[in-house]
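In our numbering, the protein residues as written are 22 to 254.
Beta carbons: idealized from backbone N, C-alpha and C, even for Gly.
Predicted model only: the values in this text are computed from it and were never measured.
Here is the structure we will look at, set down as structure tokens.
See below:
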């Protein structure tokens, strides 16, 4: 009987997993940080949910929920993110790291993040006219302490032409005071000073995806195991 009880305890957590909900991204869940003038300084809790992810050394597919923080930065691409012509140019996006190129060569995710931020900006009770970018590598002494620059647009960099041009997606406060996502890519030189949005992966959650047929079998097994334990008691 003890063996059956232990078996029952092992399958109950699985039952909880089968019925757990998948996180859904919404503008309401995003945290928008602002300065005293109402301009946006950073954005937190942006989530991207990916399904059918195959992890190394696993027989299951997973739903992965990645949560990001976005900081606005003002400077050249090379000063902010590194020189893409160098062999040590890093485009990884590991948990806790801050290289800020989490959507490199991933246009759908870059567009998704811009859309989510713009929706959050437009939903605020008081409309933010600008984002506030921290100046990267400012020349002393005129710019001390480290200054910030207001911009009515921002770029999420996503690719490099192999020579000297960065390809970005753009979010902008248009003439009607609505933040919108530009449909066309925006090219700019690696040495051009402008307003960028840098991303950091702040948390990552994994949930095993159980096939529907396995759900039914698992529920039946759980039920039989619990009945068996009850009868033998």
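- Reduced DSSP secondary structure (H/G/I, E/B, other) of residue 134: Judged by DSSP in its simplified three-state form, residue 134 adopts helix.
- Task: Decide if residue 175 is buried, meaning its Cβ has at least 16 other Cβ atoms within 10 Å, or exposed.
- Result: Buried: at least 16 other Cβ atoms inside 10 Å.
- Taking Cβ to Cβ, would you say residue 53 is nearer than 8 Å to residue 141? Their beta carbons are under 8 Å apart, which means residue 53 touches residue 141 by this criterion.
- Item | Own chain residues within Cβ distance below 7 Å of residue 94, not counting five before or after | If we look at residue 94 and ignore the five residues flanking it on each side, its Cβ neighbours are 101, 154, 155, 157, 217, 219.
- Item | Per DSSP, the bridge partner or partners of residue 92 | In the DSSP output, where bridge partners are listed per residue, residue 92 has 63, 219.
- What residues in its chain sit with their C-beta under 6 Å from that of residue 226, if we drop five residues either side in the sequence? Sequence-distant partners of residue 226 (beyond 5 residues in either direction) whose C-beta falls short of 6 Å from its own C-beta, in its chain, are 86.
- Message: Quick check on the DSSP output: the alpha helix (DSSP H) that includes residue 99 runs from which residue to which?
- Response: Residues 98 to 102.
- Verify whether the separation of the beta carbon atoms of residue 55 and residue 223 is less than 8 Å. In this structure, residue 223 does not lie closer than 8 Å to residue 55 by Cβ.
- Hey, residue 177 and residue 134: beta-carbon distance below 8 Å or not? Inclusion of residue 177 and residue 134 in the CB contact set at 8 Å is warranted, their separation being smaller than that value.
- Item | DSSP three-state assignment for residue 207, whether helix, strand or coil | Residue 207 falls in the strand class under three-state DSSP.
- Message: Quick check on DSSP: helix, strand or coil for residue 127?
- Response: In this structure, DSSP gives residue 127 a state outside helix and strand, which the three-state scheme calls coil.
- Query: Under three-state DSSP, which class holds residue 143?
  - Reply: In this structure, residue 143 counts as helix in the three-state DSSP scheme.
- Query: Excluding sequence positions up to five away, which residues of its chain have a Cβ less than 8 Å from the Cβ of residue 182?
  - Reply: Once the five neighbours on either side are set aside, the close Cβ partners of residue 182 are 188, 208.
- Have a look at residue 221 and residue 88 and give me their C-alpha separation to the nearest angstrom. Answer to the nearest angstrom: the Cα atoms are 8 Å apart.
- Item | the ligand ZN heavy atom lying under 7 Å from the CB of residue 183 | No copy of the ligand ZN appears in this structure; indeed no ligand is present at all.
- Item | Euclidean distance between Cα positions of residue 71 and residue 128 | Approximately 15 Å between the Cα atoms of the pair.
- Message: Does residue 196 pass the burial test, meaning 16 or more other C-beta atoms within 10 Å, or should it be called exposed?
- Response: Exposed is the call here.
- Do you know offhand how far residue 79's Cα is from residue 206's? Near 37 Å, if we compare the C-alpha coordinates of residue 206 and residue 79.
- Message: At the level of alpha carbons, what is the spacing between residue 169 and residue 151?
- Response: Between the C-alpha atoms of residue 169 and residue 151 there is a straight-line separation of about 12 Å.
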